[in-house]
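In this note's numbering, the protein residues as written are 934 to 1026. The beta carbon of each residue, even a glycine, is placed where N, CA and C say it ideally should be. Working notes, beginning with the structure itself.
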Amino acid sequence: MVQLTDLAGTTDVQPITAWLQNAAGPLSSLVRCLSLTAAVLGMWRVGCDLGWTRDFFVASGVWSHWQVWMALAAALNVVAGLILRAAQRIQTH
934 MVQLTDLAGT TDVQPITAWL QNAAGPLSSL VRCLSLTAAV LGMWRVGCDL GWTRDFFVAS
994 GVWSHWQVWM ALAAALNVVA GLILRAAQRI QTH
């Protein structure tokens, strides 16, 4: 098991866990906003492929495919949930 220590060698992790609990909510919200942004960009790319929207801002390369944007959105959504779950585990211990 990993044990956090400060410079004096003590293992008081109360300030660290308090900071993690306080930061988890805003960090999770930020990651969920990034996930929503990636999903919107993915839908924009789908609309571009179907001829419903104008040109997508990435014309070529990996980021020009809607599948990449949707996979990124799904991954960021999972990460946001994991952040909240980790904070809840810290809170219960």
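Cα-Cα separation, residue i to residue j
i	j	result
A1007	G980	19 Å
S997	R978	7 Å
A1019	A1013	10 Å
G984	L1005	23 Å
M934	R1022	Note that M934 scores 47 on pLDDT, short of 50, meaning its location in the model is unreliable; the coordinates nonetheless yield the value given after this. In a straight line, the C-alpha of M934 is about 16 Å away from that of R1022.
D982	P959	35 Å
V1011	V973	17 Å
S993	Q954	41 Å
Simplified DSSP assignment, three categories, for residue i
i	result
S993	coil
T986	coil
M934	For M934, the predicted model reports a pLDDT of 47, less than 50, meaning its position is unreliable; a value from the coordinates is still stated below. Reduced to three states, the DSSP call for M934 is coil.
Residue i and residue j closer than 8 Å at C-beta
i	j	result
L1009	S968	yes
A971	W1002	yes
A956	L1017	no
Which listed residue (the options) has its alpha carbon closest to that of residue i
i	options	result
G975	L960, P959, V995	V995
_Three or more C-beta pairs under 8 Å: does that hold for the segment 988-1002 against the segment 953-967?_
no
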